[in-house]
Amino acid sequence: MLEFTGKKALIVEDDDDIRGLLEIVLSQMGFHVSSASTGARGLELARSENPELITLDVGLPDTNGIEVLRTLRTFSQERIVLLTSRGQQSDIDAGIEAGATAYLLKPFKPGSLRQELAAILGK
Numbered sequence: 020m021l022e023f024t025g026k027k028a029l030i031v032e033d034d035d036d037i038r039g040l041l042e043i044v045l046s047q048m049g050f051h052v053s054s055a056s057t058g059a060r061g062l063e064l065a066r067s068e069n070p071e072l073i074t075l076d077v078g079l080p081d082t083n084g085i086e087v088l089r090t091l092r093t094f095s096q097e098r099i100v101l102l103t104s105r106g107q108q109s110d111i112d113a114g115i116e117a118g119a120t121a122y123l124l125k126p127f128k129p130g131s132l133r134q135e136l137a138a139i140l141g142k
C-alpha cells in the first residue's frame with residue numbers, strides 16, 4: 020500500500036514508541052517521514068521540508084501542541100492531524116478551532132489509523 024510515494028510526512032510526538040509506530044505506518048503508506056520530539060523542532064522541520072501531512076501531539080515537552088498548530092497555520096495550509104490522548108470535547112473544539120484538519124485519539128490501531136489518514140488525504 021504505497022499510495023503516497025514521494026510525499027512527505029512529519030511526525031511531532033514526544034513518546035518514542037508512538038513516534039516509532041507512526042513512522043512505520045506512514046512509511047508503509049509510501050511517505051518519506053521526518054520526525055521531531057519537540058514542538059520547536061517540529062516547526063523547524065515543517066518550514067524546511069514542507070510536508071503534505073503533519074501528525075501533531077498536543078502534549079509536548081516544550082510547548083502545547085495547539086500553539087504549534089497555530090504557528091503552523093501561519094505558513095502551512097497542508098493537512099495537520101492532531102493525534103492525542105486528550106479526548107474531552109473542549110480539547111477537540113480547541114484543536115479544530117486552531118486549524119486542525121482532523122483530531123484523532125490515542126490509543127490507535129495501526130490499520131485503523133492508516134485508513135483514517137488515507138480518508139483525510141482523500142485516497
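Throughout, our numbering is defined as the position within the sequence shown, counted from one, plus 19. Even glycine gets a Cβ: it sits at the ideal position worked out from N, Cα and C.
{"Item": "L64, enclosing alpha helix (DSSP H) - first and last residue", "Value": "G58 to E68"}
{"Item": "Integer Cβ distance of S95 from A117, believed to fall under 8 Å", "Value": "S95 to A117, Cβ: 13 Å. No contact."}
{"Item": "Which of helix, strand or coil DSSP assigns to T90", "Value": "helix"}
{"Item": "Residue from L123, P129 and G84 whose Cα sits closest to the Cα of I43", "Value": "P129"}
{"Item": "Assigned secondary structure, L140 (DSSP; H/G/I helix, E/B strand, else coil)", "Value": "coil"}
{"Item": "Buried or exposed (CB count within 10 angstroms, at least 16 for buried), R89", "Value": "exposed"}
{"Item": "Proximity of V52 and T74 at Cβ, strictly below 7 Å", "Value": "no"}
{"Item": "Burial state of L41, where buried means 16 or more other Cβ atoms lie within 10 Å", "Value": "buried"}
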